[in-house]
Amino acid sequence: MKKFDDIVSDLAPGKFGKTGMIWIGFLVVLVILGVIAYADQVIQGQKVTNMRDYALWGIYISNFVFFVATSFVGSAAVAILRLTNNSWRTPLVRIAEIITLACIIMAGITITLDMARPDRVMYLFIHARLQSPITWDIIIIPTFIVISLLMLYFPLLPDFAILKKHFETSKPRLSRWYGRLSLKWKGSEEQKVIHAKSITVLSILFLLAGIMLQTIDAWLFSTTYRIGWDSSALAPYFISGAFVAGTGALVTVIYIVRRTRKLEEYITEYHFDKMGKLLALACIIYLYFNIIEYVVPFFTAKKGEDAHLESLLTGHYAGLFWFVTIVGLVIPVLLLFFKKGRKPFPMFFIGMVVVIGSWWKRYIIITPTLLEPFMPIQGVPESWRSYFPSAHEWIITIATLAMALLIITLLVRYLPVVPIQRTADEQEMNTEASFKKIPS
Amino acid sequence: MDENNKKTRRKFLDRGLKLGVAGVLGGIGLSKLSAKFSEEKSPTGETMELMTTDGTIVEVDTSEVMEVEHHHHYSMDYNVREGIPNRKFVMVVDLAKCKNALKCQQSCNKNHYITGENAWLKVYKMQESADTAPYWLPMMCQHCDKPACVTVCPVDATFKREDGLVLIDNERCIGCRFCMAACPYSTRVFNWGDPGQEVTLNMDMTGVEPTPEYAGRPSLKGTVDKCDFCPHMVKEGELPHCVTACPNGVFYFGDKYEDTVTNGEETLRLSKLLEDKAGYRMLEGLGTEPSVYYLPPVDRLVDFEDGLSEFKEFESVEKPTEE
Chain R
0 MKKFDDIVSD
10 LAPGKFGKTG
20 MIWIGFLVVL
30 VILGVIAYAD
40 QVIQGQKVTN
50 MRDYALWGIY
60 ISNFVFFVAT
70 SFVGSAAVAI
80 LRLTNNSWRT
90 PLVRIAEIIT
100 LACIIMAGIT
110 ITLDMARPDR
120 VMYLFIHARL
130 QSPITWDIII
140 IPTFIVISLL
150 MLYFPLLPDF
160 AILKKHFETS
170 KPRLSRWYGR
180 LSLKWKGSEE
190 QKVIHAKSIT
200 VLSILFLLAG
210 IMLQTIDAWL
220 FSTTYRIGWD
230 SSALAPYFIS
240 GAFVAGTGAL
250 VTVIYIVRRT
260 RKLEEYITEY
270 HFDKMGKLLA
280 LACIIYLYFN
290 IIEYVVPFFT
300 AKKGEDAHLE
310 SLLTGHYAGL
320 FWFVTIVGLV
330 IPVLLLFFKK
340 GRKPFPMFFI
350 GMVVVIGSWW
360 KRYIIITPTL
370 LEPFMPIQGV
380 PESWRSYFPS
390 AHEWIITIAT
400 LAMALLIITL
410 LVRYLPVVPI
420 QRTADEQEMN
430 TEASFKKIPS
Chain F
0 MDENNKKTRR
10 KFLDRGLKLG
20 VAGVLGGIGL
30 SKLSAKFSEE
40 KSPTGETMEL
50 MTTDGTIVEV
60 DTSEVMEVEH
70 HHHYSMDYNV
80 REGIPNRKFV
90 MVVDLAKCKN
100 ALKCQQSCNK
110 NHYITGENAW
120 LKVYKMQESA
130 DTAPYWLPMM
140 CQHCDKPACV
150 TVCPVDATFK
160 REDGLVLIDN
170 ERCIGCRFCM
180 AACPYSTRVF
190 NWGDPGQEVT
200 LNMDMTGVEP
210 TPEYAGRPSL
220 KGTVDKCDFC
230 PHMVKEGELP
240 HCVTACPNGV
250 FYFGDKYEDT
260 VTNGEETLRL
270 SKLLEDKAGY
280 RMLEGLGTEP
290 SVYYLPPVDR
300 LVDFEDGLSE
310 FKEFESVEKP
320 TEE
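Okay, structure coming up:
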């Protein structure tokens, strides 16, 4: 059993080392490159992308869908595990909340990168029409940002109070900030009751908003006539896919945080084992929905659908399709079945592959469908018949991913990634004494 | 600046018109008044010359001239977003006649100042199966009565008018391209870069304000364009450019309420034409209710090879020959 003060000093955020600074510098450079590329795109127009009249959406949209999907990790891991009171969640939830916040903010930014007239972004509010799925998105994304911000912030209150005290002498300025953020948390019974209640309410909201977000995201596509999108099962398909992407991202980020912050004592192999099982479950559910989407239509496919399936299974996109299915889903499940596969390092690797697979999965959902319209593609330049992102698109997309990682990194830098108060409570330590010292 | 110019000009026109009407009415009124003052409801002796409907000039007494309320010509004051009242424009495309002359496309491109490679009207080489003969299919916006594009537009940039037209307000369009994804006919095109009509076509755009009535002048970077059924021609009582340009009389344009369509040479009963020639609409099963009807490509083997020489697979817009 550790002492409370030891726990605090273990879990209190600390400065970056040299690698940390290099990492941040690297991300900042990527973001700056992206900003430059975007400025050029605004000046020249989207002709700098490789999108054209048929491939009218590209990786901006698939990247957006990826961000939205990954942001589901909060709802999936946090809300569900909180509501079911799974105790192994304790060291994981905050990182999940951080990933969610970073991803949903980036989703909001990414979708505007795809707008060819960003100067008219206000029209979305001034002239909003409720019947358009985009308007639903405009409503749910800010809502989800607010909820995920609160979901991150509320459980942090006791920790901020602890950190305020912890840094009182060593870093008075930082301490003052933590003090302000702690909203006069004293840990009184009254506060605790309100605190617990609001977190439960938030968890429910978070779960509902998360499901709505994924659903609306799927409806952006399934409300069109397009082959491959016009599916009533698209929303649950997206939700289960988001479960996979989010859990994969969680495993990967947690492994890195655990290593760099030396949290092996708090995030143990037991937690990885549990997460491994969760990830395997997610992948299996998603595989099931993949079968619904691709195997059943195989029997009744009309001509157009048939061509679409063929391009995925054996045609132009076969390589990518089987990569995301086999490497991104089937192999992870098989590896996670073994206890050795659920050890931290293999899990890190599996998580990363799952995330990469999830990213390309969105590409596979968006691009092939657009290139298989009902009418033939004729009377346009040959290059319009295919799509692969241009340099501008890659640089901007990489910048959005870098920006998400930057947000995660900065939040990890300044927030206790493992809840201090809860960890201490769970270790059944008497923290009352420590709290009494906190000046109000 | 441009806007001001336009506004003042509009105001000027408006005022001029009102003044003119007022003048005429006033004149008539005055003469009537004077007639009233002199001798009530009896010939004044003052006469005026009028032309009858068959062209003969007659002289009538001013007291017999009655004030008539003038019917406004609809092109003057109908709402651009609501459309011309009591009309429902439709098009019929006779696939049996199309030989891929592409004059429709050329005329459309020219009159809508299309500079990119995104023609609004395309002619597809169609073949249902390997065993059936190919035919040509001119494809333009279907102006659906249940337009999928309008449903998904988040800002009301594309809209459906009462007269059947689906138009785009390119001053409103935010360039999200959702409408393009939603359109099952793939007829919408996008201005990926600056259309540059001033440069390429040497156009004078001063004082030209974009209006859904005349999409294409000017086209705007980052907005969606498409076939607009030429409302600028229709409101003058003229036919769309593709209809008049076609040497084979493929396109018929008309009003569903009047049940008449014309290709410029012959005018036909729409309902009878569709019934006699088994007219159909594109992807009818989707329930989009298009305003464009197609007549089946009968006799398709006969002329297909002729049109093949015109078939340019990768070029939709004739570029100015400079290179």
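Respectively, the protein sequence lines represent chains R and F. Take 0 as the starting number for the first sequence in numbering that gives the first Met the number 0 and just add one per residue. Take 0 as the starting number for the second sequence in numbering that gives the first Met the number 0 and just add one per residue. Glycine is no exception: its CB is placed at the ideal position from the N, C-alpha and C atoms.
Determine, for V67(R), whether the minimum Cβ-Cβ distance to residues of chain F falls below 9 Å. no
Quick one: does H71(F) have its CB under 9 Å from some CB of chain R? Reliability fails at H71(F), whose pLDDT of 48 lies under 50, so the model's placement of it is uncertain and no value is given.
Mind reading off the beta-carbon distance from S181(R) to K163(R)? Whole number of angstroms is fine, and I expect it under 8 Å. 6 Å
Taking 8 Å as the threshold, find out whether the segment 97-117 of chain R comes into contact with the segment 143-154 of chain R through three or more Cβ pairs. yes
Of the residues P388(R), G245(R) and S8(R), which one's Cα is nearest the Cα of A54(R)? P388(R)
Grab me the residues of R225(R)'s own chain with a C-beta within less than 6 Å of its C-beta, minus the 5 sequence neighbours each way, in chain order. T368
Below 8 Å CB to CB, which residues in the same chain sit around V249(F) once its five sequence neighbours on both sides are set aside? V92, D93, L94, K96, C97, C103, P137 and N262
Start and end residues, beta strand (DSSP E) containing K159(F): T157 to K159
Touching or not, the segment 339-347 of chain R and the segment 22-39 of chain R, by the rule of three or more beta carbon pairs under 8 Å? no
Using a 10 Å radius around the Cβ and a threshold of 16 neighbouring Cβ atoms, would you call D424(R) buried or exposed? exposed
Candidates V151(F), G163(F) and D130(F), of which the one nearest F228(F) by Cα: G163(F)
Beta-carbon proximity check, L272(F) vs Y256(F), cutoff 9 Å: no
Contact criterion: CB-CB distance below 9 Å. Does A132(F) meet it with respect to chain R? no
Taking only runs that begin and end inside the segment 141-213 of chain F, name each unbroken beta strand (DSSP E) of 3 or more residues, in chain order. 157-159 and 165-167
G253(F) - partner residues in DSSP beta bridges: V89(F) and V260(F)
Look at the Cβ atom of W191(F), then the Cβ atom of K273(R), and state whether they are nearer than 9 Å. no
From the DSSP output, read off the bridge partner residues of T46(F). D60(F)
Span of the beta strand (DSSP E) holding V122(F)? K121 to M125
Distance check for I255(R) and W135(R), CA to CA, integer angstroms please. 35 Å
Nonlocal neighbours in the same chain, by C-beta distance under 8 Å from K435(R), ignoring five residues either side: Unreliable positioning characterises K435(R) in this predicted model, as indicated by a pLDDT of 45, which lies under 50. A coordinate reading is not provided.
Residue from F177(F), A180(F), G215(F) and S185(F) whose Cα sits closest to the Cα of G195(F): G215(F)
Who are the Cβ neighbours of F347(R) in its own chain at under 8 Å, not counting the five residues just before and after it? V250, T251, Y254 and I255
Looking at the structure shown, is L206(R) part of a helix, part of a strand, or coil, going by DSSP? helix
Excluding sequence positions up to five away, which residues of its chain have a Cβ less than 6 Å from the Cβ of E304(R)? I226 and P296
Is the beta carbon of I110(R) less than 9 Å from the beta carbon of L212(R)? no
Find out if the Cβ-Cβ distance for the pair G33(R), A401(R) is shorter than 9 Å. yes
Spatial distance of N201(F) from K234(F) (CA atoms): 27 Å
What is the rounded straight-line gap between the Cα of P418(R) and the Cα of V294(R)? 44 Å
Per-residue contacts from R176(F) into chain R (C-beta, under 7 Å): L55 and W56
In the structure shown, what three-state DSSP assignment does R257(R) receive? helix
Rounded straight-line distance, which links the Cα of S239(R) to that of E116(F): 40 Å
Beta-carbon proximity list for W218(R), same chain, < 6 Å, skipping 5 on both sides: P132
Residues of chain F with CB under 9 Å from I108(R), in chain order? Residues of chain F passing the Cβ test: none, with the nearest at roughly 15 Å.
What is the DSSP secondary structure of L294(F), counted as helix, strand or coil? strand
Looking at V151(F): is its Cβ nearer than 9 Å to the Cβ of K159(F)? no
Assuming L206(R) and I79(R) form a contact by the criterion Cβ under 8 Å, report the distance between their Cβ atoms to the nearest whole angstrom. 7 Å
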